[in-house]
Amino acid sequence: MWFAASEVIWLRSWQMMTGTMSTEEATKMVLEKPFAFVQAAQDAGVSAISGNDPGAITRAAVAPLRKEARDNARRLRN
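Going by the UniProt record's numbering, the sequence shown opens with residue 1, and the numbers climb by one from there.
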């Protein structure tokens, strides 16, 4: 996730610097975070009430964030 997030930050920064970022991308950049963090909190909560260990709870919380970062990196690369 760390590499994908770094790549997304770099690619979006490049778009902003060169003036090529679309309005849609700028909007997505802002609005995607609350949804991803809500999903992460929900997944962590479900994992916790299911009696999972702290590592499993953490993995459940990180999974939606990792997916969003990886999807963004793939999309922005093209």
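C-beta: ideal position from N, C-alpha, C; glycine also.
- In the structure shown, D71 falls within a helical segment according to DSSP collapsed to helix, strand and coil.
- About 19 Å separates the beta carbons of V8 and A61, which is beyond the 8 Å limit, so they are not a contact pair.
- Classified as exposed, I49 has fewer than 16 neighbouring CB atoms from the shown chains inside 10 Å of its CB.
- Taking one beta carbon from each stretch, the segment 39-55 and the segment 12-21 have fewer than 3 pairs nearer than 8 Å; the two do not touch.
- Taking all protein chains shown into account, A26 has fewer than 16 neighbouring C-beta atoms within 10 Å of its C-beta and is therefore exposed.
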